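The block underneath contains the structure these notes are about, expressed in structure tokens.
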Amino acid sequence: MTSSKTSIIVTRKLPEAVETRMRELFDAKLNESDKPFSQKDLIDAVKTTDVLVSTVTDQINRAVISQAGPNLKLIANFGTGVDNIDLDTARNRAITVTNTPGVLTEDTADMTMALILAVPRRLVEGARFLKDSSDQWKGWSPTWMLGNRINGKRLGIIGMGHIGQAVARRAKAFGLQIHYHNRRRLNEAVEDEFEATYWESLDQMLARVDILSINCPHTPATYHLLTQRRLKLLKPTSYIVNTARGEVIDENALARMLEAGEIAGAGLDVFEHEPAINPKLLKADNVVVLPHMGSATLEGRIDMGEKVIINIKTFLDGHNPPDRVHPAMF
Ligand code: 8YV
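Quick note, the sequence shown lines up with residues 144 to 473 if you use our numbering.
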């Protein structure tokens with residue numbers, strides 16, 4: 144396979160600079176309209192193309208991969224999370240999978256920090272009040288729109304990878320005490336940097352934190368990690384922020400508990416059945432919902448596109464692509 148003849152199909156519209164480069168390097172079929180691919184579109188694509196560039200909105204499951212033509216050798220995911228791809232089936236079909244880690248760490252951590260501030264301080268509620276009913280504002284009041292202080296509170300981070308650590312770095316600067324639960328304990332130097340407390344038992348950590356941030360990938364092991372039973376371990380005064388994947392939390396249980404006041408509030412950038420959202424979450428004043436925009440910066444999306452291109456080029460040149468994903472990593 145030479146790169147000049149390599150056909151790639153890109154399932155979503157990417158930033159112009161990325162698409163221009165892809166057109167120069169490959170026989171690229173781009174998605175001008177940005178209409179998400181249906182399962183049938185995906186099956187048609189894998190039957191013919193050499194490389195598929197997928198995103199979180201494409202379910203590259205067994206049914207899709209099993210229809211892949213002999214040309215399909217690489218799925219270059221535009222995104223870090225690869226829970227949209229059946230990695231085992233891809234490996235069994237000798238299809239390489241790559242992702243785009245690293246370049247969206249800081250943007251996603253910024254968005255997480257924004258939600259950690261926005262929810263306890265009622266930022267969206269206050270802004271919405273003025274937008275919708277500024278004529279009803281009587282001016283400053285000592286007891287109105289009171290939120291909760293974050294300084295000095297305990298932040299529990301689930302998943303202390305690059306994004307979790309970038310969140311910890313920011314949160315420490317805001318005076319939060321860092322607690323974390325992770326598959327592996329971090330080395331001492333990193334723990335010292337954050338003055339972080341490791342909890343091997345997630346249950347024990349949940350009962351002690353004031354704000355919980357989800358920063359782990361969605362895998363079979365983390366699906367509904369936060370079950371109703373675990374959510375009930377949180378203090379009723381606690382807040383939850385999720386910029387990772389909706390599937391990590393039992394969304395219906397969370398919505399019920401927020402409605403009942405058993406959890407104080409939530410900042411959610413991701414949902415279990417995107418783009419569908421539990422209507423209770425949309426209605427609640429104590430919930431800030433964002434449309435999966437954790438990594439949505441122009442710079443980040445260009446960097447992600449460049450990573451995709453480097454992965455494809457390296458692969459075509461016969462080398463191990465830098466962001467090759469192995470099922471055991473997740
Ligand atoms: C991406 C994300 O924009 O990279 C990820 O895992 O969740 C997002 O920030 C999206 O996945 C693109 O496919």
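No residue lacks a Cβ here, since even glycine has one placed at the ideal position from N, Cα and C.
Quantities reported herein were computed from a predicted structural model and do not represent experimental measurements.
Residue i, buried or exposed, once every other Cβ within 10 Å from all chains shown has been counted against 16
i	result
Asp446	buried
Ser356	buried
Asp278	exposed
Thr145	Its pLDDT being 46, under 50, Thr145 is placed unreliably by the model, and the measurement read from it follows with that caveat. So Thr145 counts as exposed.
Pro464	buried
Lys296	buried
Ala364	exposed
Gln347	exposed
Met472	exposed
Gln308	buried
Phe458	buried
Asn395	exposed
Asn454	buried
His469	exposed
Leu374	buried
Asn294	exposed
Pro422	exposed
Met303	buried
Lys450	buried
Gly318	exposed
His324	buried
Asn220	buried
Phe211	The sequence given here places Ala at residue 211; Phe does not occur at that position. Buried, by the Cβ-count rule.
Trp287	exposed
Pro263	buried
Arg372	exposed
Arg444	buried
Gly222	buried
Leu401	buried
Asp412	buried
Gly404	exposed
Bounding residues of the beta strand (DSSP E) (the contiguous stretch that carries residue i)
i	result
Gln320	Gln320 to His324
Val451	Unbroken run through Val451 is the alpha helix (DSSP H), Leu441 to Leu459; no beta strand (DSSP E).
Leu411	Gly408 to Leu411
Leu298	Arg297 to Ile301
Ile151	Ser150 to Val153
Val240	Thr239 to Thr241
Continuous alpha helix (DSSP H) stretch holding residue i: start and end
i	result
Ser276	Leu266 to Ser276
Ala219	No alpha helix (DSSP H) contains Ala219, which is instead part of the beta strand (DSSP E) from Leu217 to Ala219.
Leu230	Leu230 to Asn235
Asp313	A small fix is needed here, since residue 313 is Arg in this sequence, not Asp. Where Arg313 is concerned, the enclosing alpha helix (DSSP H) stretches over His305 to Ala316.
Leu433	Unbroken run through Leu433: none, as it is neither H nor E.
Thr251	Thr248 to Ala261
Leu425	Pro422 to Lys426
Nearest-angstrom Cβ-Cβ length linking residue i and residue j, presumed shorter than 8 angstroms
i	j	result
Leu475	Leu397	Since the first residue shown for the chain is 144 and the last is 473, residue 475 is missing from the structure and cannot be characterised.
Thr251	Gly437	4 angstroms
Tyr366	Ala409	Not confirmed; about 19 angstroms, so no contact.
Val384	Leu369	At roughly 12 angstroms, the Cβ-Cβ gap does not stay under 8 angstroms, so Val384 and Leu369 are not in contact.
Ala311	Ile321	5 angstroms
Arg164	Ile452	6 angstroms
Ala316	Asn358	At roughly 17 angstroms, the Cβ-Cβ gap does not stay under 8 angstroms, so Ala316 and Asn358 are not in contact.
Lys475	Asp170	The chain is shown from 144 up to 473; residue 475 falls before or after that span and cannot be answered.
Leu215	Asp193	7 angstroms
Ile306	Thr248	5 angstroms
Val246	Leu298	At roughly 24 angstroms, the Cβ-Cβ gap does not stay under 8 angstroms, so Val246 and Leu298 are not in contact.
Ala233	Ile208	6 angstroms
Leu173	Glu162	5 angstroms
- Message: Using 8 angstroms as the cut-off, can you tell me whether the segment 222-230 makes contact with the segment 428-437, which would need three or more C-beta pairs spanning the two stretches below that distance?
- Response: Verdict: no, contact absent.
- Could you tell me whether the segment 406-421 touches the segment 236-245, using the rule of 3 or more Cβ pairs below 8 angstroms? The answer is no - the segment 236-245 does not touch the segment 406-421, with fewer than three Cβ pairs under 8 angstroms.
- Would you mind listing the alpha helix (DSSP H) stretches within the segment 162-205 that are 4+ residues and don't spill past its ends, in chain order? List check, alpha helix (DSSP H) in window: 182-191.
- Item | Whole runs of the alpha helix (DSSP H) within the segment 325-397, excluding any shorter than 4 residues | Fully enclosed alpha helix (DSSP H) runs of no fewer than 4 residues occupy 331-337, 345-349 and 371-374 of the segment 325-397, in order along the chain.
- Query: How do the segment 273-287 and the segment 329-341 stand: do at least 3 beta-carbon pairs fall below 8 angstroms, yes or no?
  - Reply: Three or more beta-carbon pairs separated by less than 8 angstroms are not found between the segment 273-287 and the segment 329-341, which leaves the two stretches without contact.
- Message: For the pair the segment 269-277 and the segment 321-333, tell me if three or more CB-CB distances fall below 8 angstroms.
- Response: A contact is defined here as three or more CB-CB pairs under 8 angstroms, and the segment 269-277 fails this definition with respect to the segment 321-333.
- Query: Three or more C-beta pairs closer than 8 angstroms, one from the segment 195-211 and one from the segment 150-158: is that the case here?
  - Reply: Taking a cut-off of 8 angstroms on C-beta distances, the segment 195-211 touches the segment 150-158, as three or more cross pairs fall below it.
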